[in-house]
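The sequence shown begins at 7 in the working numbering and counts up by one.
In what follows, a single structure is set out as structure tokens and then discussed.
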Amino acid sequence: SALQSFRNKVHLTKEDESMLLALWHELTHLRTKDLFKWQFSDPEDNVLETITEFIARHTYDEFFRMLRPKAKPNYQKELIKDSLGYQTYVWRFRYVLQTFKINEKEAVEELKGILFEDSRNIYRRFVDWLSTKTNLPEIPSGVIVWDMVNLRLSNEEFQKEVKEYAKRRRKK
């Protein structure tokens, strides 16, 4: 339906664009180097899905222009904030970025390197990236990532935990 509407140059609904974004998420997986040569553990898979969905949401307009070069998506800003794919993981990750004042566009570009250039040990590399960006030691960064993707805490508890770590971070 979404692709049919797109082909017929019919106005796309938010649901249509959400379906195109889901397709873009899956195509983004195909851009990941060596993805299918090894198996993930659950937390590692959740980190992979979080990064993939975050990048897909932010680069959805690129996919849109591949399909129709002069067109722009109508709902990208809304879909960045709230889409069906990995909603809680991405919401929590964006909360971490906001709390630590990390620019999302910069994060996208840096995370592309982790995802597309060498996705092996993605969990470890993501923790290292977050530690550098937040100026937190490795263990608190690891706890944030673990709690972001394992959903053992409610969103409110997660927010409280992240705020507490933000208060205790090292001075730059």
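Each residue gets a CB set at the ideal place from its N, CA and C atoms; glycine is no exception.
These numbers were taken from a predicted model, which means no experiment stands behind them.
Query, Result
"Using only CA atoms, which one of L33, R126, L121 lies nearest to F69?", "L33"
"Determine contact between the segment 69 to 82 and the segment 131 to 151, defined as no fewer than three beta-carbon pairs at a distance below 8 Å.", "no"
"Between the segment 91 to 102 and the segment 58 to 68, are three or more C-beta pairs nearer than 8 Å?", "yes"
"List, from N- to C-terminal side, the alpha helix (DSSP H) runs of 4 residues or more that fit wholly inside the segment 115 to 164.", "128 to 140, 144 to 156"
"For a test of the three-state rule: what should DSSP assign to Y92, helix, strand or coil?", "coil"
"For V133, is the classification buried or exposed, using 16 other Cβ atoms within 10 angstroms of its Cβ as the cut-off for buried?", "buried"
"Could you check the C-alpha separation between V102 and L157 for me, to the nearest Å?", "14 Å"
"Name the two residues that bound the continuous alpha helix (DSSP H) containing S11.", "8 to 13"
"If the criterion is Cβ atoms closer than 7 Å, does the pair Q82 and Y92 meet it?", "no"
"Would you mind sorting D124 into buried or exposed? The rule is 16 or more other CB atoms within 10 Å of its CB.", "exposed"
"Can you tell which of S137, A77, K111, V155 has the C-alpha that lies nearest to the C-alpha of E23?", "A77"
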